[in-house]
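K.L.:
Same order as they appear, the protein sequences are chains A and B.
Just so you know, we're using the numbering used here here: the first sequence kicks off at 174 and counts up by one.
Just so you know, we're using the numbering used here here: the second sequence kicks off at 66 and counts up by one.
Ideal Cβ placement from N, Cα and C applies to all residues, glycine included.
Owing to the predicted nature of the structure, the values given are computational and were not obtained by experimental measurement.
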Amino acid sequence: MSFSQLVPRNAPVQLINADGKANSDDSYATASPAALAEGYRSLVVSRRVNDQCNALARQGRLAVYPSSHGQEACQVAAVSVLDDGDWLFPTYRDSVAVMLRGVAPADALTQMRGDWHCGYDPSEFRVAPQSTPLATQLIHAVGFAHAAVFKGEPTVVMALCGDGATSEGDFHEAMNFAAVFHLPVVFFVQNNRFAISVPFAKQSAAESLAHKAAGYGMPGEQVDGNDLAALLAVLGTAVKRARAGEGPTLVEAHTYRMQAHTNADDDTRYRDSEEVQEWVARDPLARLRKYLRSKNALDDEKETVFAAEAEEIAATLREALNTDIRPDAGELFRHVYATSTPQLDEQWGSLRGELERSEDGAQS
Amino acid sequence: MTILQENPLQVDTGVETLSMAAALNRALADELAADDGVVVFGADVGALGGVFRITDGLTARFGENRCFDTPVAESAMVGTAVGMAMNGLRPVVEMQFDAFAYPAFEQVVSHVAKMGNRTRGAIRLPMVIRIPYAGGIGGVEHHCDSSEAYYVHTPGLTVVAPATPQDAYSLLREAIRFPDPVIFLEPKKLYWAKGQVDTSSTDEIGKARVIREGTDATLVAYGTSVPIALEAAETAAAEGRSLQVVDVRTLSPYDDATIDAAVRSTGRAVVIAEAPGFASMASEIAARISERCFSWLEAPVRRVTGFDIPYAPPKLEHFYLPDVDRVLDAVDSLNWDN
Numbered sequence: 174m175s176f177s178q179l180v181p182r183n184a185p186v187q188l189i190n191a192d193g194k195a196n197s198d199d200s201y202a203t204a205s206p207a208a209l210a211e212g213y214r215s216l217v218v219s220r221r222v223n224d225q226c227n228a229l230a231r232q233g234r235l236a237v238y239p240s241s242h243g244q245e246a247c248q249v250a251a252v253s254v255l256d257d258g259d260w261l262f263p264t265y266r267d268s269v270a271v272m273l274r275g276v277a278p279a280d281a282l283t284q285m286r287g288d289w290h291c292g293y294d295p296s297e298f299r300v301a302p303q304s305t306p307l308a309t310q311l312i313h314a315v316g317f318a319h320a321a322v323f324k325g326e327p328t329v330v331m332a333l334c335g336d337g338a339t340s341e342g343d344f345h346e347a348m349n350f351a352a353v354f355h356l357p358v359v360f361f362v363q364n365n366r367f368a369i370s371v372p373f374a375k376q377s378a379a380e381s382l383a384h385k386a387a388g389y390g391m392p393g394e395q396v397d398g399n400d401l402a403a404l405l406a407v408l409g410t411a412v413k414r415a416r417a418g419e420g421p422t423l424v425e426a427h428t429y430r431m432q433a434h435t436n437a438d439d440d441t442r443y444r445d446s447e448e449v450q451e452w453v454a455r456d457p458l459a460r461l462r463k464y465l466r467s468k469n470a471l472d473d474e475k476e477t478v479f480a481a482e483a484e485e486i487a488a489t490l491r492e493a494l495n496t497d498i499r500p501d502a503g504e505l506f507r508h509v510y511a512t513s514t515p516q517l518d519e520q521w522g523s524l525r526g527e528l529e530r531s532e533d534g535a536q537s
Numbered sequence: 066m067t068i069l070q071e072n073p074l075q076v077d078t079g080v081e082t083l084s085m086a087a088a089l090n091r092a093l094a095d096e097l098a099a100d101d102g103v104v105v106f107g108a109d110v111g112a113l114g115g116v117f118r119i120t121d122g123l124t125a126r127f128g129e130n131r132c133f134d135t136p137v138a139e140s141a142m143v144g145t146a147v148g149m150a151m152n153g154l155r156p157v158v159e160m161q162f163d164a165f166a167y168p169a170f171e172q173v174v175s176h177v178a179k180m181g182n183r184t185r186g187a188i189r190l191p192m193v194i195r196i197p198y199a200g201g202i203g204g205v206e207h208h209c210d211s212s213e214a215y216y217v218h219t220p221g222l223t224v225v226a227p228a229t230p231q232d233a234y235s236l237l238r239e240a241i242r243f244p245d246p247v248i249f250l251e252p253k254k255l256y257w258a259k260g261q262v263d264t265s266s267t268d269e270i271g272k273a274r275v276i277r278e279g280t281d282a283t284l285v286a287y288g289t290s291v292p293i294a295l296e297a298a299e300t301a302a303a304e305g306r307s308l309q310v311v312d313v314r315t316l317s318p319y320d321d322a323t324i325d326a327a328v329r330s331t332g333r334a335v336v337i338a339e340a341p342g343f344a345s346m347a348s349e350i351a352a353r354i355s356e357r358c359f360s361w362l363e364a365p366v367r368r369v370t371g372f373d374i375p376y377a378p379p380k381l382e383h384f385y386l387p388d389v390d391r392v393l394d395a396v397d398s399l400n401w402d403n
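#1: I'd like the list of long-range same chain contacts for residue 192 (chain B), defined as Cβ closer than 8 Å, with 5 residues on each side in sequence excluded.
#2: Cβ of residue 154 (chain B) less than 9 Å from any chain A Cβ?
#3: My understanding is that residue 299 (chain A) touches residue 261 (chain A), with C-beta atoms under 8 Å, so please give their C-beta distance in whole angstroms.
#4: Between which two residues does the beta strand (DSSP E) containing residue 309 (chain B) stretch?
#5: Label residue 241 (chain B) either buried or exposed according to how many other C-beta atoms from any shown protein chain fall within 10 Å of its C-beta, with 16 as the threshold for buried.
#6: If contact means a Cβ-Cβ distance below 9 Å, which residues of the region 234-259 of chain B contact chain A?
#7: Report the CB separation of residue 132 (chain B) from residue 110 (chain B) in whole angstroms; it is logged as a contact under 8 Å.
#8: Closest by CA to residue 405 (chain A), which one among A:188, A:225, A:314 and A:465?
#9: Considering just the uninterrupted stretch of the alpha helix (DSSP H) at residue 248 (chain B), what are its terminal residues?
#10: In angstroms, rounded to a whole number, what distance separates the CA positions of residue 168 (chain B) and residue 195 (chain B)?
#11: Please report the distance separating the alpha-carbon of residue 233 (chain A) from that of residue 248 (chain A).
#12: From residue 500 (chain A) to residue 510 (chain A), what does the alpha carbon distance come to, in whole angstroms?
#13: Round the Cβ separation of residue 139 (chain B) and residue 99 (chain B) to the nearest angstrom and send it over; I've been treating them as touching at under 8 Å.
#14: Mind listing the chain A neighbours of residue 321 (chain B)? Cutoff is C-beta to C-beta under 8 Å, in chain order.
#15: Could you tell me whether any Cβ in chain B is nearer than 9 Å to the Cβ of residue 312 (chain A)?
#16: Counting only runs that start and end within the region 171-229 of chain B, where is the beta strand (DSSP E) found for 3 or more residues in a row?
#17: Would you say residue 224 (chain B) lies against chain A (beta-carbon separation less than 9 Å)?
#18: Opposite residue 331 (chain A) in the DSSP bridges: which residues?
#19: Would you say residue 309 (chain A) reaches chain B, if we count a Cβ-Cβ gap shorter than 9 Å as a contact?
#20: Tell me which same chain residues have a C-beta within less than 7 Å of the C-beta of residue 254 (chain A), skipping the five on either side of it?
#21: Does the distance from the CB of residue 310 (chain A) to the CB of residue 334 (chain A) come in under 9 Å?
#22: Could you tell me which chain B residues have their CB closer than 7 Å to the CB of residue 302 (chain A), listed as they occur along the chain?
#23: Pair every Cβ in the region 418-428 of chain A with every Cβ in the region 355-371 of chain A, then say whether three or more of these pairs are closer than 8 Å.
#24: Once the 5 residues before and after residue 381 (chain A) are set aside, which same chain residues still bring their CB inside 7 Å of it?
#25: Measuring CA to CA, which of B:175, B:205, B:216 and B:206 is closest to residue 306 (chain A)?
#26: With distance defined between alpha-carbon atoms, name the residue in A:350, A:370 and A:316 nearest to residue 337 (chain A).
#27: Which chain B residues sit within Cβ distance under 7 Å of residue 295 (chain A)?
#28: Can you check DSSP and say which residues form a bridge with residue 364 (chain A)?
#29: Which residues of chain A have a Cβ atom closer than 8 Å to the Cβ of residue 8 (chain B), listed in chain order?
#30: Just how far apart, CA to CA, sit residue 346 (chain A) and residue 376 (chain A)?
#31: Should residue 324 (chain A) be flagged as near chain B, meaning a C-beta pair shorter than 9 Å?
#32: Measure the alpha-carbon distance for residue 190 (chain A) versus residue 483 (chain A) and round it to whole angstroms.
#33: Compute the Euclidean distance between the alpha carbons of residue 148 (chain A) and residue 284 (chain A), then round it to the nearest angstrom.
#34: Short of 8 Å Cβ to Cβ, which residues in the region 87-107 of chain B face chain A?
#35: Does the beta-carbon of residue 498 (chain A) have 16 or more other beta-carbons within 10 angstroms, so that it is buried, or is it exposed?
#36: On the CB-based measure, 16 or more other CB atoms within 10 Å of its CB, does residue 374 (chain B) come out buried or exposed?
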C-alpha cells in the first residue's frame with residue numbers, strides 16, 4: 174500500500190452520532206438494526222457488570238476494579254468481530270471483554286478478587302491473561318500471530334491497550350515487528366483520555382494515535398469509540414484484512430474513562446466534572462438506544478428482557494464474590510516450575526508446618 | 066580446560082572434537098532437525114550466522130522460517146518468543162551480548178518468569194534465551210557483564226551456565242526440550258576452547274558435577290571461572306594440596322545436594338565467580354554452604370569474585386578478573402593450622 178493509503182482519516186469514523194442519528198459513509202457499512210440490537214444487549218449487560226463490580230470493590234469483595242464504564246462499546250466490538258478460534262490479548266481494564274469471550278464472570282475477576290493472578294485457562298477461551306504492565310502484551314500478541322502464520326492457522330489476534338500504553342517502548346516494538354513480519358494482528362487502542370491522572374495531552378503531542386500506523390508501514394484508522402456501529406465496521410475491516418493475509422492494522426477509538434482509574438483513585442483531583450458530563454452526553458448506550466428505537470429494532474419488551482439478563486449476571490457475580498474462599502497456600506509453590514525444585518519443596522514444607530502448628534494451637 | 070587437537074569426524078561413536086561455539090551450533094541444528102516447532106531468531110543470526118557464528122549456516126539449512134533476523138529490539142525478541150511459546154512453538158532467542166539483554170528485562174521478569182505461575186500451569190513457556198555473557202575477551206563497555214544474579218534472583222527462571230563444549234551441547238539441547246523458560250548463559254571467553262563432544266549423550270538440567278576429585282578443599286565454579294578453578298587445582302597439586310572442583314552448571318534451580326556433599330567431604334570451600342561479589346550468585350552459594358555444611362567446615366567459606374565496580378575497559382580487565390593467584394591466596398587462608 175502507498176503511504177497515503179496507510180494514513181487514517183482526519184476525523185474519527187462515526188456511523189451513529191451522539192443524538193442517535195445515522196451518518197452516511199462511503200467506506201463503512203452500518204450493521205443491520207437486528208445485529209445492533211444484539212450489540213445493545215451486550216452493552217446493557219456490560220454496563221451492569223461494570224457498575225456491579227464497582228459496588229463489589231467498595232464492599233471489599235474485589236481488591237480493586239478498573240472499570241470500563243463508558244468504554245463498553247469498545248469492549249463489545251473488540252470481541253464481536255472475532256471468530257471463535259481468534260485470540261484476544263486484554264489489559265486489566267478489559268474484564269468485560271474477557272467475560273464476553275465466554276469466561277465466567279467470577280473467573281474473569283480472579284485477579285481483581287485477589288485469589289490468583291489469572292483465573293481462567295487462556296487456551297480454553299482464546300484469551301491471554303489480562304496484562305497489568307502496559308503494552309507488554311502487545312508483543313505477546315505479535316509472537317502469537319507469528320506462530321499462527323508459521324503453523325498455517327487462520328488465527329487473527331486482537332491486541333488491546335490504552336492511550337497511556339502507546340508511550341511505552343513495547344508499543345513501538347510490537348507495531349514494528351507486526352508490520353515487518355506482516356502479521357495478522359489488530360492493535361486496538363482505547364484512547365480514554367487518561368492514564369490514571371495524566372491527560373492525553375501530556376501523553377502525546379499528536380492529535381491522533383492512529384496516524385502512527387503509517388510510520389510503521391501499516392494502515393491506521395480512528396473511530397468514535399462510543400459508536401458501536403462504527404467500531405464494528407472499522408474493527409471488522411481490520412480483522413478481515415488480517416485474515417486475508419494483508420497484515421496488521423492500528424485502530425484508535427476515541428472514548429472516555431467516565432469513572433476514576435479504579436476504586437482506589439480520586440478523579441476529582443485532576444479533572445472537572447463538566448468534562449465528564451460532556452462525555453455522558455456521548456454515552457455509547459444512550460445513542461444506540463435512540464437509534465434502535467428510531468428503527469423500531471428495540472421496544473419496551475426487549476429492554477425489559479435485556480435488563481433482566483443484566484440483573485441475572487449481576488446477581489451471579491454478587492453470589493460468587495460474596496462467598497468466602499479458602500486460599501490454598503500450597504498453590505503458591507505448585508506452579509512456579511513444571512517440576513518443583515527441592516528448595517521450593519523445602520519452603521512449602523516449612524510453611525505447611527507453620528500452618529499445622531497454628532491450627533493445632535487454635536484447636537487446643 | 067584441556068585444549069585438544071582437532072580430530073577428524075568420528076561419525077560412528079558420535080564423538081568429535083568441537084569448540085564450544087561449534088557445539089552450540091550443532092545443538093541448535095540437531096534440535097531444529099528433531100522438532101519442527103523450534104525457531105531461532107535474534108539480531109544478525111541469519112545470513113551472518115551471529116556475531117559469534119553460533120547460528121552459522123542454520124538459515125541456509127533450515128530456511129528463513131526457522132532461523133531469522135528480527136528488527137533490533139530485544140524486548141520484542143523476548144516478548145514475541147513468549148507469544149510463540151504460548152502458541153505451541155519452542156523459540157530460541159539470541160541476545161547478542163549480556164548487556165544488550167537489559168531492554169528485555171521487563172519481559173523476562175514480568176512475563177517469561179511468571180506466565181506458568183500466573184496461569185496455574187495452564188500455559189508454560191518452553192523457550193530459551195541465549196545470552197553470551199562475561200568478559201575476558203577485550204570487549205568494550207556493555208559487552209562483558211556477568212548478569213546472572215538478575216536472573217537467578219527471579220523465581221520461575223531456570224538458569225544454565227555451561228563451561229565445556231560437551232555441556233554446552235547437551236544442556237542447550239535439554240534447555241530447548243525443557244517445559245519451562247531457560248536463561249542459557251554462554252561464557253563467550255570459552256567459545257573457542259575445544260573439547261570432546263559426544264552428540265549421543267544426554268544430560269539433565271539442575272545437576273552440578275564434581276569435575277576434579279580432591280580431598281583438602283572444594284572449589285565451586287561455573288562458566289568462565291571453571292577453567293580458572295581447574296588450573297588452580299593443578300597448580301595446588303604440584304604444591305602438595307589436593308583441591309576438588311565442582312562445576313555448578315545449573316545456577317537455578319541450584320543443586321544443593323551435590324555441592325553440599327562435595328564440601329562436606331573436604332571441609333573447606335572457595336566459591337569463584339567473575340561477577341561483582343555483592344549480593345551475587347557467589348554470595349548465595351557461600352551462604353548456602355555456610356548454612357547447610359557448618360558442622361563440616363574447618364574454615365569460613367571464601368569468595369573470589371569480581372570487584373564491586375562496573376566491568377573494566379579492555380586494557381584494565383586483567384586487574385578485575387579473578388585469576389589463579391587470587392584463588393590460591395583464598396585457599397591459603399582456609400585455617401590450615403586447625
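P.N.:
Taking the structure as given:
#1: Mapped onto the second sequence, residue 192 (chain B) falls at position 127. 146, 147, 149, 150, 155, 156, 157, 158, 177, 246 and 247, listed in sequence order.
#2: As a first step, residue 154 (chain B) must be located in the second sequence, where it is residue number 89. So yes, residue 154 (chain B) belongs to the interface.
#3: Translated into positions along the first sequence, residue 299 (chain A) becomes position 126. Translated into positions along the first sequence, residue 261 (chain A) becomes position 88. Yes, residue 299 (chain A) and residue 261 (chain A) are in contact; Cβ-Cβ is about 7 Å, under 8 Å.
#4: By 1-based counting over the second sequence, the position of residue 309 (chain B) is 244. Unbroken beta strand (DSSP E) run through residue 309 (chain B): 308-312.
#5: Counted from its first residue, the second sequence places residue 241 (chain B) at position 176. Residue 241 (chain B) should be labelled buried.
#6: 243, 244 and 245
#7: For the purposes of this step, residue 132 (chain B) is taken as the residue at position 67 of the second sequence. For the purposes of this step, residue 110 (chain B) is taken as the residue at position 45 of the second sequence. Confirmed, about 6 Å.
#8: As a working mapping, residue 405 (chain A) is identified with position 232 in the first sequence. Comparing Cα positions, the closest option is A:188.
#9: Mapped onto the second sequence, residue 248 (chain B) falls at position 183. Taken as a continuous stretch (DSSP letters only), residue 248 (chain B) belongs to no alpha helix (DSSP H), being part of the beta strand (DSSP E) at 247-252.
#10: Residue numbering aside, residue 168 (chain B) sits at position 103 when the second sequence is read from its first letter. Residue numbering aside, residue 195 (chain B) sits at position 130 when the second sequence is read from its first letter. Going from the Cα of residue 168 (chain B) to the Cα of residue 195 (chain B) covers about 15 Å.
#11: Counting from one through the first sequence, the residue named residue 233 (chain A) turns up at place 60. Counting from one through the first sequence, the residue named residue 248 (chain A) turns up at place 75. Each residue's alpha carbon lies about 25 Å from the other.
#12: Here residue 500 (chain A) refers to the residue found at position 327 of the first sequence. Here residue 510 (chain A) refers to the residue found at position 337 of the first sequence. Cα to Cα, residue 500 (chain A) sits roughly 20 Å from residue 510 (chain A).
#13: In the second sequence, the residue the question calls residue 139 (chain B) occupies position 74. In the second sequence, the residue the question calls residue 99 (chain B) occupies position 34. That pair is no contact at about 27 Å.
#14: Residue numbering aside, residue 321 (chain B) sits at position 256 when the second sequence is read from its first letter. Per Cβ cutoff of 8 Å: 515 and 516.
#15: Locating residue 312 (chain A) in the first sequence gives position 139, where the first residue counts as 1. Residue 312 (chain A) counts as touching chain B.
#16: 193-198 and 223-225
#17: Within the second sequence, residue 224 (chain B) is the residue found at index 159, counting from 1. Cβ-Cβ to chain A under 9 Å: no for residue 224 (chain B).
#18: The residue labelled residue 331 (chain A) in the question sits at position 158 within the first sequence. Answer is A:261 and A:359, bridged to residue 331 (chain A).
#19: Here the question's residue 309 (chain A) lines up with position 136 in the first sequence. So yes, residue 309 (chain A) belongs to the interface.
#20: In the first sequence, residue 254 (chain A) corresponds to position 81, counting from 1. Around residue 254 (chain A): 405, 408, 409 and 412.
#21: Along the first sequence, one-based indexing puts residue 310 (chain A) at 137. Along the first sequence, one-based indexing puts residue 334 (chain A) at 161. Closer than 9 Å, so yes.
#22: What you label residue 302 (chain A) is simply residue 129 of the first sequence in a count that begins at 1. Under the 7 Å cutoff, chain B gives 183 and 184.
#23: yes
#24: Along the first sequence, read from residue 1 onward, the residue named residue 381 (chain A) stands at position 208. If we look at residue 381 (chain A) and ignore the five residues flanking it on each side, its Cβ neighbours are 181, 395 and 425.
#25: Residue 306 (chain A) sits at position 133 when you count from the first residue of the first sequence. Among B:175, B:205, B:216 and B:206, the Cα nearest to that of residue 306 (chain A) is on B:175.
#26: The residue you call residue 337 (chain A) lines up with position 164 of the first sequence. Answer by Cα proximity: A:370.
#27: Start at 1 with the first residue of the first sequence, and residue 295 (chain A) comes out as number 122. What residue 295 (chain A) touches in chain B: 184, 187 and 188.
#28: One-based indexing of the first sequence puts residue 364 (chain A) at position 191. Answer is A:427, bridged to residue 364 (chain A).
#29: No information on residue 8 (chain B) is available, as it lies outside the stretch 66 to 403 that chain B covers here.
#30: Within the first sequence, residue 346 (chain A) is the residue found at index 173, counting from 1. Within the first sequence, residue 376 (chain A) is the residue found at index 203, counting from 1. The alpha-carbon atoms of residue 346 (chain A) and residue 376 (chain A) are separated by roughly 18 Å.
#31: Here the question's residue 324 (chain A) lines up with position 151 in the first sequence. Yes, contact with chain B.
#32: Residue mapping note: residue 190 (chain A) aligns to position 17 of the first sequence, counting from 1. Residue mapping note: residue 483 (chain A) aligns to position 310 of the first sequence, counting from 1. Taking the straight line joining both Cα atoms gives about 25 Å.
#33: Residue 148 (chain A) lies beyond the stretch modelled for chain A, which goes from 174 to 537, so this question has no answer here.
#34: 104
#35: Your numbering for residue 498 (chain A) matches position 325 in the first sequence. So residue 498 (chain A) ends up on the exposed side.
#36: Counting from one through the second sequence, the residue named residue 374 (chain B) turns up at place 309. Its Cβ having fewer than 16 others within 10 Å, residue 374 (chain B) is exposed.
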